[in-house]
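Trainee:
In our numbering, the protein residues as written are 1490 to 2090.
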């Protein structure tokens, strides 16, 4: 068995790709069709059960409504039996000579009573009283006539139940159904039969009350259990359904006059009637049958069309795969060049193979760009190192000259010159001695202190410098000559452009894994266009020759997108420079978050 399975597997993978795809596609379609057919069968069963349940529930509502209406009419009939005036009138009629005519007064009382009780309930159509001497009944809205046969049946039927109410078909030819009760006297001296009371119900109000609109396609039949006589029927045919009534309730399918029906029935214990509901099978499942044919047609079209397209366009799939394989081999040999045509955005939708080819070319292009960028950074760093080495050539002459100036000034008693020469020497020594691009924050602040010592003597009371450094971890690295050029710009473009006193503030804060620096002055400020030109390097920097553009470029080389710098200035108010760096120490480098600058002005 294992050998046969292995042989089939080997043969399959040895087939050409177009045959493999055709077999796979055929198998997928067959599975899809099978699952679709199975789902449709399950859906058909669920829908059938739903319709059975729905018709049964609606039938229960109708039975409950009819029983409530019948109970209400029975209460009215009992009220008539207990009516004292009606009792007295019937007793007076019964006590008179049987051959004499009933008095007009008694007939008027009977007519008034039956008319009044006719309007007690909207489901009542006719109320009547039958006595051996007279018959009085009143019908609402229509003229109702009862044959002698119907009146005799009502009188005979009512005497069977000894004063209890019962429901029966009053006039089969007119679909008349109602409550019949023997009218007995309630005198203490004995019970006397005074006549028969009947109340005919409005068939429409009794059997079609509250029927929902979506139930219009269903038929309702009501049959008497003992005689199987039809009490009510909304079915237009003349078919007999007595054979379906087995037990107190049930449901199923039947065929009537060549058409399928779903039926459910229930026996009313109050009226002893069978309620049978019929629903046309085709009406309920018409949409389902249409859906079945549509789905089968779609499956056939998908299979035939898909197989045709698979065979016809198989070359379109294989060709990109071969090109992609060849491209991978070229990249493996070091060929990273990608043409602009290959990188052009695709218009419209493309296949997965085309997308894979495009994504691969874009990835190769990005790798080539990263290699070039890394190489450029390395060249720039080496250029910075070369410049640093050039500056370090023979620095001893500068140091010795500054030492000579310092001692000469000290001999002459020129204290300011001594301080300036000493600070300048230490500043130059710190700048020229460090060849690496980053130094500790403590060293950077020391260099800034030497620079400010020189500027304090130069500008005297016109320059005020305030420094605030809080909660800084020891050993944090920052780019060399980061603070001094920014403070120098604040002096050059803030202090020198105004005659008032200028205050330069330096604030340094550590927030999580980032270091935030702020240099702020309240000098002359700058126009927006001047700030733009300054950041783009269009204005020649002064002092040490390090401008804003140089600082921004060094931040990009050292930290990438994680180094942030922002310059804000308003004429007459001052300038603020905000810098945010990831924390880096001598032992390790940690990538910080993207917290906003939160030092404040």
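From the three backbone atoms N, C-alpha and C, an ideal C-beta is built for every residue, glycine too.
1. Helix, strand or coil for residue 1900, going by three-state DSSP, please let me know.
2. For residue 1552, I'd like the list of residues in its chain whose CB is within less than 7 Å of its CB, leaving aside the five on either flank, ordered along the chain.
3. For residue 1682, which beta-bridge partners are listed by DSSP?
4. Are there 16 or more other CB atoms within 10 angstroms of the CB of residue 1900, so buried, or fewer, so exposed?
5. Sort 1540, 2043, 1625 by Cα distance to residue 1774 and report the nearest one.
6. Should residue 1650 and residue 1669 be called a contact, given that it needs their Cβ atoms to be closer than 9 Å?
7. Need the endpoints of the alpha helix (DSSP H) that residue 2017 sits in, please.
8. Quick one: Cα of residue 1563 to Cα of residue 1604, how far?
9. Going by DSSP, which residues form a beta bridge with residue 2057?
10. What does a CB cutoff of less than 6 Å around residue 1644 pick up in its chain, not counting 5 residues either side in sequence?
11. Assuming residue 1771 contacts residue 1749 (C-beta within less than 8 Å), just tell me the rounded distance between them.
12. Under three-state DSSP, which class holds residue 1759?
13. From the DSSP output, which residues share a beta bridge with residue 1667?
14. Is it right to say residue 2072 is buried, meaning 16 or more other beta carbons lie within 10 angstroms of its own, or is it exposed?
15. Is the Cβ-Cβ distance between residue 2023 and residue 2056 less than 9 Å?
16. To which residues of the same chain is residue 1567 closer than 8 Å at the C-beta, ignoring the five residues directly before and after it?
17. How should residue 1582 be labelled, buried or exposed, when 16 other C-beta atoms within 10 angstroms of its C-beta is the threshold for buried?
18. Roughly how many angstroms separate the alpha carbons of residue 2020 and residue 1913, rounded to a whole number?
19. Hey, would you say residue 1658 sits closer than 9 Å to residue 1610, going by beta carbons?
20. Is the separation between the beta-carbon of residue 1963 and that of residue 1932 shorter than 9 Å?
21. Put residue 1966 into one of helix, strand or coil per three-state DSSP.
22. Please state the DSSP three-state secondary structure of residue 2071.
23. For residue 1623, I'd like the list of residues in its chain whose CB is within less than 6 Å of its CB, leaving aside the five on either flank, ordered along the chain.
24. Excluding the 5 residues preceding and the 5 following residue 1746 in the sequence, name in chain order all residues of the same chain whose CB lies nearer than 8 Å to its CB.
25. Between residue 2011 and the rest of its own chain, which residues show a CB-CB distance below 8 Å, the 5 nearest in sequence each way excluded?
26. For residue 1545, collect the residues of the same chain with a Cβ closer than 7 Å to its Cβ; drop the 5 residues on either side in sequence, then sort them by chain order.
27. Determine, using beta carbons only, whether residue 2037 and residue 2052 come nearer to each other than 9 Å.
28. What first and last residue would you give for the alpha helix (DSSP H) that runs through residue 1596?
29. Look up residue 1768 in the DSSP assignment and say whether it is helix, strand or coil.
30. Could you pull the start and end residues of the alpha helix (DSSP H) that residue 1575 belongs to?
31. Where does residue 1552 sit, in a helix, a strand or coil, going by DSSP?
32. Taking the C-alpha atoms as reference points, what is the distance between residue 1980 and residue 1974?
33. Assign residue 1750 to one of three DSSP states: helix, strand, or coil.
34. Considering only their Cβ atoms, is the gap separating residue 1692 from residue 1721 smaller than 9 Å?
35. Thinking C-alpha only, which one of 1956, 1898, 1969 is nearest residue 2008?
36. Residue 1578 to residue 1672, Cα distance in whole Å?
Mentor: Well, looking at it:
1. helix
2. 1755, 1757, 1764
3. 1673
4. exposed
5. 1540
6. yes
7. 2017 to 2024
8. 17 Å
9. 2065
10. 1619, 1685
11. 7 Å
12. coil
13. 1657, 1689
14. buried
15. yes
16. 1654, 1670
17. buried
18. 29 Å
19. no
20. no
21. strand
22. strand
23. 1591
24. 1726, 1728
25. 1983, 1991, 1992, 2062, 2063
26. 1740, 1753
27. no
28. 1593 to 1607
29. strand
30. 1573 to 1584
31. helix
32. 10 Å
33. strand
34. yes
35. 1956
36. 12 Å
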